[in-house]
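Undergrad: Letter 350 of the first sequence, counting from 1, is numbered 658 in our numbering, and no numbers are missing.
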Amino acid sequence: MKKNFSYEVLHIDKNSGARTGVLHTPHGDIYTPIYMPVGTLATVKSLTSDDLYDVGAQIILANTYHLHIRPGDELVKKAGGVHKFMNFNRPMLTDSGGFQVFSLADIRKITDDGVEFRNHLSGAKMFFTPEKAIDIENNLGADIIMAFDVCSDYGISHKDAEKAMTRTLDWLDRCYKHHKNAKQMLFPIVQGNFYEDLRLKSLEETKKYCKCGIAIGGLSVGEPKDVMLKMLDVMQPHYPEKMPRYMMGVGTPDYIFESVQRGIDMFDCVFQTRVARNGMALTSRGKVVLKQAQYKEDFSPLDPECDCYCCTHHTKAYLHHLVMCNEILGARLLSLHNIRFTLNMMQNIRDAINNDRFLEFKKEFYAKYGIKE
RNA sequence: GCCUCGUUAGCUCAAUGGUGGAGCACUCGGCUGUUAACCGAUAGGUUGUAGGUUCGAGCCCUACACGAGGCG
309 MKKNFSYEVL
319 HIDKNSGART
329 GVLHTPHGDI
339 YTPIYMPVGT
349 LATVKSLTSD
359 DLYDVGAQII
369 LANTYHLHIR
379 PGDELVKKAG
389 GVHKFMNFNR
399 PMLTDSGGFQ
409 VFSLADIRKI
419 TDDGVEFRNH
429 LSGAKMFFTP
439 EKAIDIENNL
449 GADIIMAFDV
459 CSDYGISHKD
469 AEKAMTRTLD
479 WLDRCYKHHK
489 NAKQMLFPIV
499 QGNFYEDLRL
509 KSLEETKKYC
519 KCGIAIGGLS
529 VGEPKDVMLK
539 MLDVMQPHYP
549 EKMPRYMMGV
559 GTPDYIFESV
569 QRGIDMFDCV
579 FQTRVARNGM
589 ALTSRGKVVL
599 KQAQYKEDFS
609 PLDPECDCYC
619 CTHHTKAYLH
629 HLVMCNEILG
639 ARLLSLHNIR
649 FTLNMMQNIR
659 DAINNDRFLE
669 FKKEFYAKYG
679 IKE
């Protein structure tokens, strides 16, 4: 394992829990803290691999459940794995499908053995188990694969939360017993809903399985921000030191800053690409909703401080026009920008941490972006 | 010249003689391990004009205007 994967902590900020590091994988190194663009169906929607290299994506995600349904993980294996299939030659991570079970909540049935749910395309009944998820992830061949977990809603009882957590641990054990491929690192996922004791218990038990990284799941599912931050505060002193901590499904700039401050190293989020397709951009001066009529005759760049293709070649008026006409280029340019903006932000965060000025940088960023602390 | 059909929100169209609606567009909001180029909200009307019948007319009657088609 260690031949293929290892993590080095490079620097710990003197005034916070923020830290920089580097994760070595078979497809290259990943400098943390990092944001990972999401490419569910083996495509970061509207972008080519070269686009992703150009904006500096170090690693991207793909999804077990979605690729299993279409085109099928066996086919991806025949293609030579997900890297070759989509021609992306940097590190990749596959999510296990646990979140899909959660987000397709109205049509699922969870038992100790696994989950029965309906294929959202054909309606056919499917049965997923930890072993099946690992089989699929092995076929897909990403560098980092995720354990099959049970994500639970905000607001459920302690008893139900404990059941989901215990089941996640049981499934984690099964995932590890089933996973044999040393070229793929399996990340376990901490659950425990929003109960401090369950989060801590889940973390302690999950740590026993950590070989090169640990993920925090089940957060940012509709709970208030302070509730989520409280969970991070509770867990912060107990993470394994020399492994990257991956916070799943987060986020927006403010959530990233708050999480980095609390010792998180990796993030993934569909937000950047989804809002891009819906006509919104993240910029150094805050969000820009390009549908708004105020941009009709605004011939200035989207973000004068951004070095991406979109900001160096086009105006807000043109982007407004593309968005209003529902032209696909608008979605593409804004996706390109939002990812570049976030990756630049992560680079600046790493630089700040290395200079022990994470908190100052956070303050500067918040003031300019318009985030209230 | 005659006949037929039509005229309702910016556009395309609904609406037994009984509180005039929808889709799209416009304006604005939302989006956090993608069922999402998606979802939601506000606004928008002297029902072509002028009369008549009726307790009550977008709807029935008359005239006119405008449009489409047909016949001469």
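For every residue, glycine included, the Cβ atom is placed at its ideal position computed from N, Cα and C. In this text, all values refer to a predicted model and were calculated from it rather than measured experimentally.
(1) Tell me the DSSP secondary structure of M309 in three-state form.
(2) From this set, T372, H391, A490, which residue's C-alpha is nearest K440's C-alpha?
(3) Can you give the beta carbon distance from I453 to T514, rounded, assuming they're within the 8 Å contact cut?
(4) Could you give the uninterrupted runs of the alpha helix (DSSP H) lying entirely in the region 476-520, keeping only those of 4 residues or more?
(5) Quick one: what does DSSP say A523 is sitting in, helix, strand or coil?
(6) With respect to the beta strand (DSSP E) encompassing Y339, which residues constitute its N-terminal and C-terminal limits?
(7) L590 to I679, Cα distance in whole Å?
(8) Are the CB atoms of P438 and M654 nearer to each other than 8 Å?
(9) Drop a sphere of 10 angstroms on the beta-carbon of F313, count the other beta-carbons inside from all chains shown, and report buried for 16 or more, exposed for fewer.
(10) Can you list, in chain order, the residues of its chain with a C-beta nearer than 8 Å to that of L448? Leave out the 5 residues immediately preceding and following it.
(11) What residues match up with V317 in a beta bridge as DSSP calls it?
(12) How is the alpha helix (DSSP H) around D359 delimited, first residue to last?
(13) So, helix, strand or coil for C577, using DSSP?
(14) Among residues of its own chain, excluding the 5 on either side of G336, which ones have a beta-carbon nearer than 7 Å to its beta-carbon?
(15) Which residues in the same chain have their Cβ closer than 6 Å to the Cβ of D576, if we skip the five residues on either side of it in sequence?
(16) Where does T348 fall in DSSP's three states?
(17) Using a Cβ-Cβ cut-off of 6 Å (strictly less than) and excluding sequence neighbours within five positions of Y603, which residues of its own chain qualify?
(18) Can you look up K322 in the DSSP assignment and give me helix, strand or coil?
(19) For N397, which of helix, strand or coil comes out of DSSP?
(20) Which stretch, first to last residue, makes up the alpha helix (DSSP H) that contains T372?
(21) Measure the alpha-carbon distance for F393 versus M473 and round it to whole angstroms.
(22) Give the DSSP-derived three-state secondary structure of P609 in the structure shown.
(23) Under a Cβ-count criterion, where at least 16 other Cβ atoms within 10 Å of its own Cβ denotes burial, should A490 be classed as buried or exposed?
(24) What distance in whole Å lies between the Cβ atoms of R327 and I320, which are believed to be in contact at a cut-off of 8 Å?
(25) Using DSSP with H/G/I as helix, E/B as strand and the rest coil, what is G571?
(26) Measure the alpha-carbon distance for G571 versus E605 and round it to whole angstroms.
(27) With distances taken Cα to Cα, identify the nearest neighbour of C614 among F436, L527, A675, N652.
(28) The beta strand (DSSP E) that contains F436, what's its start and end?
(29) Measuring straight from C-alpha to C-alpha, what distance separates E668 and Y674?
(30) Do V568 and I444 have their C-beta atoms closer together than 8 Å?
(31) What did DSSP end up calling I453 once you bin it into helix, strand or coil?
(32) Please classify K599: does DSSP put it in a helix, a strand, or coil?
(33) Please determine if the region 423-432 and the region 475-490 are in contact, where contact requires at least 3 C-beta pairs separated by less than 8 Å.
(34) Identify whether V283 lies in helix, strand or coil by the three-state DSSP scheme.
(35) Quick check on the burial criterion: 16 or more other C-beta atoms within 10 angstroms. Buried or exposed for T581?
TA: In this structure, then:
(1) Annotation note: pLDDT 43 at M309 (below 50); position unreliable, no value reported.
(2) Cα-wise, what sits closest to K440 is T372.
(3) So it is not a contact: roughly 15 Å between Cβ atoms.
(4) With a minimum length of 4 residues, the continuous alpha helix (DSSP H) runs that stay inside the region 476-520 are 504-515.
(5) Looking at A523 - three-state DSSP - the assignment turns out to be strand.
(6) Segment 336-340, the beta strand (DSSP E) holding Y339.
(7) Distance between L590 and I679, taken at the CA atoms: about 12 Å.
(8) Against a cut-off of 8 Å, the Cβ pair of M654 and P438 comes out as no contact.
(9) Result: buried.
(10) Sequence-distant Cβ neighbours of L448 in its own chain, meaning closer than 8 Å and more than five residues away, are A370, T372, L375, D381, V384, K385, G389, V390, T402.
(11) Per DSSP, G329.
(12) Taken as a continuous stretch (DSSP letters only), the alpha helix (DSSP H) holding D359 covers 357-362.
(13) It is a strand residue.
(14) Taking C-beta separations shorter than 7 Å and ignoring five residues to either side along the sequence, the partners of G336 in its chain run R398, P399, following chain order.
(15) Apart from sequence neighbours up to five positions away, the residues of its chain that approach D576 with a beta-carbon distance below 6 Å are M344, V346, L369, ordered along the chain.
(16) In this structure, T348 counts as coil in the three-state DSSP scheme.
(17) Closer than 6 Å at Cβ, skipping near neighbours: K624, H628.
(18) In the structure shown, K322 sits in coil (DSSP, three-state: anything other than H, G, I, E or B).
(19) It is coil, neither helix nor strand.
(20) Counting along the chain, the alpha helix (DSSP H) containing T372 begins and ends at 372-377.
(21) Using only the alpha carbons, I get a separation of about 35 Å.
(22) Reduced to three states, the DSSP call for P609 is strand.
(23) Under this definition A490 is an exposed residue.
(24) Correct: roughly 4 Å between the Cβ atoms.
(25) In this structure, G571 counts as coil in the three-state DSSP scheme.
(26) One C-alpha to the other measures close to 43 Å.
(27) Of F436, L527, A675, N652, the residue nearest in Cα terms is N652.
(28) 433-436 is the extent of the beta strand (DSSP E) around F436.
(29) Between the C-alpha atoms of E668 and Y674 there is a straight-line separation of about 10 Å.
(30) Contact flag unset, no.
(31) Here I453 sits in strand by DSSP.
(32) Coil at K599, not helix or strand.
(33) Flag = no, the region 423-432 and the region 475-490 do not touch.
(34) Summary: the structure shown does not reach residue 283, with the chain confined to residues 309 through 681, and so no result is reported for it.
(35) The Cβ neighbour count for T581, taken over all protein chains shown within 10 Å, is at least 16; the residue is labelled buried.
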